[in-house]
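Each remark here refers to the structure printed beneath this line.
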Amino acid sequence: MGHLLAILMLLVSVQSAPSASSDPLHRVLQQLEQQTGYRFLYKDALVADKESTLIYSDRWQETLLDELEKWKLTARIDSERRQVIIYEDRNREELRALGVSGQVIDKLSGENLPFATLTMTTDSGKKILTQSNQHGKYTLQIPADEKEVQLKVSYIGYEETLLNLSRESIDIAGDLNIRITPSAYEISEIVITGSGNRTSDGTIYRGVLEAGSFSAAGESNSIRSLSLLPSVQSGTSLTDGAHIRGSSSDAVHVLLDNSVIYSRSHLFGLIDSFNSDIIRTGSFYYDIAPAKYHAPPGGVLSLVTKTGSLYSYGGGLGLSSSVVKGSLEGPIKEGKSSFLLAGRKSIINQVNIFGMDEMIAWGLDTNRPSSLSEESTSLNDRVTRPLGYSANFFDLHAKIFLENSPGSRWAFSGYAGGDRTEQETDRFVRTGFNSPGNRFEWREFQTENTWGNSSFNVSYYRDLRKRDSFMHFQGGYSYYYTGMLKEDFVYQRPGLNGAQQLLFVDLFENESELNHAYVSGEFKSGTLTAGVSMNFFDSGYREDSLNRPDFYQESRPFLPEVYLDLETDGGGAHIIQGGLRMQYYSDGDYLNLSPRMKISLFRDSPVSVAMGFSRNFQYLYKLSIYNLSAADIWITAVADQPPSRSDMISGGIYADLGRGARFQSEAYIKWQENLRYHEINIQNLDISFEDQPWFSNNDGYARGIEFMFSQRLGKTTISQSYTLSSSEMRNERLNAGEWFYSEWDRRHQFKTLLQIRPAEGLDVNLSLNYLTGSPDRLTLFRDSPDRLGTYIRADLSLSYSTNLSGTGIVLRGNLYNLTDRKNPWYREWVPIITTDQDRTNLEAIQADIYDLGFQPSVSVQMNF
């Protein structure tokens, strides 16, 4: 009986004993990392869908190996370096290689981090540099005689990570996936990619292009931030133009996850059309772009969006001078898939602060400040008086990310956005011959600017079993509509007396539609990258103007492309990259070859040099009219108007001067053919030679030399650049076929950027721009054309970030054009009201129209 009672008590105790609870393996590994002080390196897809009952003990290493074995995983536990590498238990010979590859990963969210900088230092002191690619993957070759290396991983907005690795650990584990920790304040930065600094850990441009700084409307503008660089000529405030090394403002491709962005900005170029909250990073190729990019003459700005957290839900709420916005992200299936949503809506109609109503009138050319005397700009003498206004814009982003296995992932993304800006204006105009007793009257006119864009993209990426090999497929569709209406556009014609000018007020209206469908495939293995793409366009453009009543052009071209890129790495000291892109454009049967080559030498030395050549073609063009800050209107090349071509030779010298000082000098020569130029910019109604309202057979010639110096002193960095350049154009039917200066030509540019972090979380940025005047468009064809006055602008940006109870808070204030300087934008004939012997007249005089003056803005962002 006693034995039976003992057995029953034992059974009861076993049933009532608490059972070990199981947690997701990812969470268990995070807890072990905190408890042991070891660094754990693994890919999230390896541990997703797996649960563990592992509890920390003195025998945690043995227990961990037993636990991983259940899923055919194993680990390399290095007690000396206090790190654990988790990998698939495969044949070691299959993984052994004289190199290391893998992904750089956000430790908290599980996202892959593109364009992270990796610096490998060997036992002998040799440094090997690289960057993770757009998909977050990196590859580093280790010299055969090296057994120990130190790997440093840096990424702006993240804590710097140092790893000490042995040859044995790398050979056994195969891929080495590095998890790095975000800092309190996450920053989105554009990586500058030129001739000689493609992979430099301490590049002179590091930290220069931070999204959000120097905004005039409280929101980021990635395109405008490019103007801080010596290779970029600053555009005016109310356009999104960026002239790269003498090219026109439309000769830059802006990509969002490899899809072309046709609607680049809201509010006349002051705000990006895409929400900065979703941008992870980006790269800007201003020199020799790899052949994998369809690079027009001005370069490529490639932006990469976030994928959303694989492990926790979060988001953000923000409010600025111009918008209210929000974002939400989180896992769909923990460790395997995630979503990201973000949206913004304008509040200018509801909350008018800092003179946003005046900015609308400025952007729509209804009340721009000018150099007219006070007598001419008094209330009674104003020709135009702005009335009511309306400004509405929005953008929405959605993304779904799926990672089926450690090397296979899908991404589905969608975008919708648009603007509608309106302004009513009273204008003093002639009544005509039907009212002889009253020659003038006040009449109400309407100005409208509208665009809408929607797109969808699907992407599939897969790592191949061989290191540094992958394939990537992508496809998508984009629809884009734009419209501009100005009922009181001022047309100009020289009078019989050269000192006089005749002005006509009439309608100017244009609109366009663009449909773009595309598919592409890319394969990379080692140093070779090959790909193919197919683009289908359906475009239409209509213009109703005094010059061109009811003009219409339609085009349906397709553009197949094949490219090949080859990069040789001479142990990191010398890099030679060559590529060829072949393009066929169906409208006109144009077959073009686009070769690119760049050579970087002595990269391990304090002084290195680089040189390159590229030929690029342009098939889509953004129409630009000198005084209209309208939505981007795109047209395609047609059969009798060959695509634009640009040949550029460039080179540079790069010096590491030590103690945080760096210097570089670059020079270029660029030849261009078949550039587009709208006839209204010529300022004369009588010289319309084309069937279309733009000239397509313009030649271009640009050259320049650029200098930049950067010095880091503790928490302060100062960068100074100077550019000497020239940009000219020629058309056989203009100016007797002689060369004339481009309207964007500026001979000298001085730019200074001061960045200070006086306290933790506080950042102060000051930008100074000094640019000599651009040519006067009214005197372009003179032997020595006049130039506008000097352009000088100072901008100040202050930001403070902190963390309150797990919520990140970022406060930012921007003071644009700090000194409120009246900088000349363009010169034109303007009408004024005069009175002579009690007789009212409208007369035309020349005046400089000024760019945006002092403009403060604020924003607050909460991330949770």
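For the sequence shown, our numbering assigns the number 615 to the initial residue and increments by one for each residue that follows. Ideal Cβ positions, reconstructed from N, Cα and C, are used throughout, including at glycine.
Annotation: residue 1172 to residue 1094 spans about 17 Å, alpha carbon to alpha carbon. With a cutoff of 7 Å on beta-carbon distance, residue 667 and residue 715 are scored as not near each other. With contact defined as three or more Cβ pairs closer than 8 Å, the region 885-902 and the region 935-947 are in contact. DSSP lists no beta-bridge partner residue for residue 1439. According to DSSP, residue pairing for residue 1209 in a beta bridge involves 1194. Residue 1353 sits in coil when the DSSP states are folded into three classes, being neither helix nor strand. Comparing alpha-carbon positions, the option among 863, 1125 and 1181 lying closest to residue 1141 turns out to be 1181. For residue 1293, the secondary structure class from DSSP, reduced to helix, strand or coil, is helix. Counting only runs of at least 3 residues, the region 1052-1111 fully encloses the following beta strand (DSSP E) elements, listed from N- to C-terminal order: 1054-1077 and 1083-1108. Ranking 1247, 1287 and 1274 by CA distance to the CA of residue 1255 puts 1287 first. With distances taken between CA atoms, residue 831 lies nearest to 1470 out of 1385, 1167, 1470 and 741. Excluding five sequence positions before and after residue 1244, the CB atoms of its chain that fall closer than 6 Å to its own CB belong to 1063 and 1098, given in chain order.
Secondary structure of residue 1123 (DSSP, three-state): strand. Annotated as proximal: residue 1218 and residue 1187, with beta-carbon spacing under 7 Å.
Taking every protein chain shown into account, the CB of residue 1441 has 16 or more other CB atoms within 10 angstroms, so this residue is buried. Rounded to whole angstroms, the Cβ separation of residue 1118 and residue 1100 is 13 Å, and the two are not in contact under 8 Å. Using a 10 angstroms sphere on the CB of residue 963, the tally of other CB atoms stays under 16, which defines it as exposed.
Here residue 1141 carries a coil assignment [DSSP, helix/strand/coil]. Taking a contact as a CB-CB distance under 8 Å, the pair residue 731 and residue 768 counts as one, their CB atoms being some 5 Å apart.
With fewer than three CB-CB distances shorter than 8 Å, the region 1396-1405 does not count as touching the region 1373-1382.
Contact check between the region 872-886 and the region 833-851: three or more CB pairs, one atom from each, fall below 8 Å, which counts as touching. In this structure, the CA atom of residue 1306 is about 35 Å from the CA atom of residue 1088. The continuous stretches of alpha helix (DSSP H) do not include residue 748, and DSSP gives it neither H nor E. As DSSP reads the structure, residue 939 sits in a beta bridge with 932 and 958. DSSP places residue 1248 within a strand segment (E or B) once states are collapsed to three.
In this structure, the beta-carbon distance from residue 779 to residue 763 falls below 7 Å. Taking residue 1134 as reference, the option from 1074, 888 and 661 with the minimal CA-CA separation is 1074. Between residue 1352 and residue 1391, the C-beta spacing is not below 7 Å. Beta bridge pairing from DSSP links residue 742 with 734. Taking the C-beta atoms as reference points, residue 1041 is found nearer than 7 Å to residue 1102.
Contact between residue 665 and residue 639 holds, with the beta-carbon distance rounding to 6 Å and staying under 8 Å. Distance between residue 1454 and residue 1060, taken at the CA atoms: about 25 Å.
For residue 720, the secondary structure class from DSSP, reduced to helix, strand or coil, is strand. For residue 1428, the pairing in a beta bridge is given by DSSP as 1411 and 1471. Remark: C-beta atoms of residue 1214 and residue 1249 do not approach each other more closely than 7 Å. Non-local beta-carbon contacts of residue 1090 in its own chain, meaning distances under 7 Å to residues more than five positions away in sequence, involve 873, 1069, 1070, 1071, 1072 and 1132 in chain order.
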